[in-house]
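The next block holds one structure in the form of structure tokens; read it before the comments.
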Amino acid sequence: MSTLHVLDHPLITHKLTIMRKKDTGSKDFRELLDEIALLMGYEVTRDLPLEEVEIETPICRTKAKMLAGKKLGIVPILRAGLGMVDALRTLVPAARVGHIGLYRDPETLEPVEYYCKLPNDAQERLIIVCDPMLATGGSACAAIDFLKQRGCTNIRLMCLLGAPVGIERVQKEHPDVDIYIAAVDDHLNDHGYIVPGLGDAGDRIFGTK
Ligand code: PRP
Ligand code: URA
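Using our numbering, you'd call the opening residue of the sequence shown number 748 and step up by one each time.
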């Protein structure tokens with residue numbers, strides 16, 4: 748079974764509460780998501796491997812540690828996942844970014860794929876799939892399936908908000924994928940929206956409603 752990491756640091760929780768408010772506008776919503784993704788990124792990358800290197804400080808030669816091997820692959824699920832990419836790239840500038848385009852069919856709530864472009868060495872990288880919302884879990888599971896079909900074996904999922912049913916689905920279908928999330932809400936409504944949630948993340952990021 749994968750591990751569910753609930754990153755309920757007070758700064759994250761405070762910022763998330765502002766995002767939830769319906770009167771928070773698109774600019775503030777985007778900025779808060781970026782700030783939270785930066786804070787979450789610190790935990791998501793906590794166990795990245797290090798290697799010893801020899802460097803010269805202004806004082807002497809010494810051994811020190813740096814990140815080892817190929818850096819991250821960041822894979823946002825379009826559209827809303829885009830709002831978490833810049834923060835992760837700030838933390839790991841050498842990361843490569845892939846994109847998976849999925850939208851939820853409003854009737855069936857099933858994910859429909861419309862785009863995929865991954866780094867050509869994605870299989871050799873730790874992949875962080877990011878999407879603010881984990882509702883039924885359909886989109887996250889489809890994206891992870893997609894990555895596994897292309898040979899990726901080291902995958903983490905980073906979300907802002909989740910519903911218990913979506914978390915359980917990802918853990919059941921992908922027991923090897925750890926989930927990093929800022930909060931777990933109560934349930935889904937009849938339209939598949941997280942309750943209490945924050946509404947439609949993509950629309951709030953991009954101002955499309
Ligand atoms: C939202 C969200 C997730 C998905 C979550 O995207 O960003 O990708 O729904 O729902 P699920 O867990 O039930 O699959 P949406 O389909 O609204 O597309 P958008 O990001 O383009 O707005
Ligand atoms: N997608 C969203 O953007 N919000 C939800 O509450 C559920 C899915």
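Idealized CB from N, CA, C, for every residue including glycine.
Nearest residue (CA-CA) to residue i, options the options
i, options, result
"Glu860", "Leu894, Glu871, Ala869 and Cys807", "Leu894"
"Lys769", "Thr955, Gly946, Asp950 and Phe953", "Gly946"
"Leu907", "Arg872, Val791, Arg916 and Pro922", "Val791"
"Ala910", "Ile902, Pro922 and Asp933", "Asp933"
"Asn901", "Ile874, Asn936, Thr837 and Pro805", "Ile874"
"Ala827", "Asp794, Lys762, Arg777 and Pro853", "Arg777"
"Arg793", "Val839, Leu881 and Arg951", "Val839"
"Thr855", "Ile759, Gly949 and Asp937", "Asp937"
"Ile952", "Pro853, Arg767, Arg872 and Arg836", "Arg767"
"Glu915", "Leu881, Lys762, Cys899 and Pro805", "Leu881"
Sequence-distant residues of its chain with Cβ nearer than 6 Å to residue i (five each side left out)
i, result
"Ala890", "Ile824, Ile847 and Val876"
"His921", "Ile891"
8 Å Cβ cutoff met for residue i and residue j
i, j, result
"Leu765", "Leu779", "Correcting the residue identity first, residue 765 is Ile in this sequence and not Leu. Yes. Within cutoff."
"Val931", "Leu904", "no"
"Lys818", "Ala842", "yes"
"Gly913", "Arg851", "no"
"Leu935", "Thr883", "yes"
"Gly944", "Ser773", "no"
"Ile926", "Leu751", "yes"
"Val753", "Ile928", "yes"
"Met831", "Pro757", "no"
"Lys812", "Glu803", "no"
Residues near residue i by beta carbon distance below 8 Å, same chain, minus five either side
i, result
"Ala796", "The residue you asked about is not Ala; residue 796 is Pro in the sequence shown. Closer than 8 Å at the Cβ level, and outside the excluded window around Pro796, lie Leu814, Ala815 and Gly816."
"Leu849", "Ile824, Leu825, Pro858, Val859, Glu860, Tyr861, Ser886, Ala889 and Ala890"
"Gly949", "Arg826, Ala827 and Thr955"
"Asp755", "Ala929 and Ala930"
"Thr760", "Ala929 and Ala930"
"Arg836", "Ile821, Ala842 and Val844"
Supposed contact pair residue j and residue i - C-beta distance, whole angstroms, cut 8 Å
i, j, result
"Gln707", "Ser749", "Because the chain here runs from 748 to 956, residue 707 falls outside it and cannot be looked at."
Chain-order list of residues whose beta-carbon lies under 7 Å from that of residue i (same chain, five-residue window excluded)
i, result
"Ala834", "Asp781, Ala784, Leu785 and Gly788"
"Gly845", "Gly820, Val822, Lys864, Leu865, Pro866 and Ala869"
"Thr771", "Ile765"
"Lys762", "Leu779, Glu782 and Ile783"
"Cys899", "Ala869, Gln870 and Ile874"
Residue i: CB within 7 Å of a non-hydrogen atom of ligand 3
i, result
"Ile926", "Here the bound small molecules are ligand 1 and ligand 2; ligand 3 is not part of this structure."
Problem - Residues passing the C-beta test against ligand 1 heavy atoms, cut-off 7 Å - result: In chain order, the qualifying residues are Ile824, Leu825, Arg826, Ala827, Gly828, Leu849, Tyr850, Arg851, Leu856, Pro858, Asp878, Pro879, Met880, Leu881, Ala882, Thr883, Gly884, Gly885, Ser886, Ala887, Gly913, Gly939, Asp947, Ala948, Gly949 and Asp950.
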